[in-house]
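J.: Once you've had a glance at the structure underneath, I'll fire off some questions.
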């Protein structure tokens, strides 16, 4: 089966009307989600249950788009679990010792695509407001 390069198609994989409703906080949540959801031992459904409806739809769109781009039978990159330092203090998921930047590349591209579209939508709104 031929893979569809859905992340680079001209039509966004997440609808523009939904992108227009996203806040920068929602985008931040998208990045947090794709970091946390792929960690060893993390229950993805439990992570999803903490998301708002809007961000859950975005997370599902990211998962679907990256699965299509990856192709059948290819799983996402599983990232390193949170670690504790020698004093048993938990080190956050983006700390150097826990694999700083440890993220699935396709999911990162998908989240970045949504981020760029949010910026463009806001810029278009700002431009149309200023020309009135």
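Residue numbers (my numbering): 152 to 283.
Heads up, the beta-carbon is just placed ideally off N, CA and C, and yes, glycines get one too.
What is the C-beta distance between residue 189 and residue 228, in whole angstroms, given that I count them as a contact (C-beta under 8 Å)?
T.: About 7 Å; that satisfies the 8 Å criterion.
J.: Write down every uninterrupted run of the alpha helix (DSSP H) in the stretch 182-223 whose length is 4 residues or greater and which is fully enclosed by it, in chain order.
T.: The stretch 182-223 contains these whole alpha helix (DSSP H) runs: 195-200 and 204-221.
J.: Please list the terminal residues of the continuous alpha helix (DSSP H) segment that includes residue 262.
T.: Taken as a continuous stretch (DSSP letters only), the alpha helix (DSSP H) holding residue 262 covers 256-281.
J.: Using the Cα positions of residue 255 and residue 274, report the straight-line distance between them to the nearest angstrom.
T.: The straight-line gap from Cα to Cα measures roughly 29 Å.
J.: Under a CB-based cut-off of 8 Å, is residue 170 close to chain B?
T.: No chain B appears in this structure, which consists of one protein chain only.
J.: Give me the Cα-Cα distance between residue 163 and residue 184, rounded to the nearest whole angstrom.
T.: Distance between the alpha carbons of residue 163 and residue 184: 20 Å.
J.: Rounded to whole angstroms, what's the CA-CA distance from residue 263 to residue 223? Just pull it up for me.
T.: Going by the C-alpha atoms only, they are around 23 Å apart.
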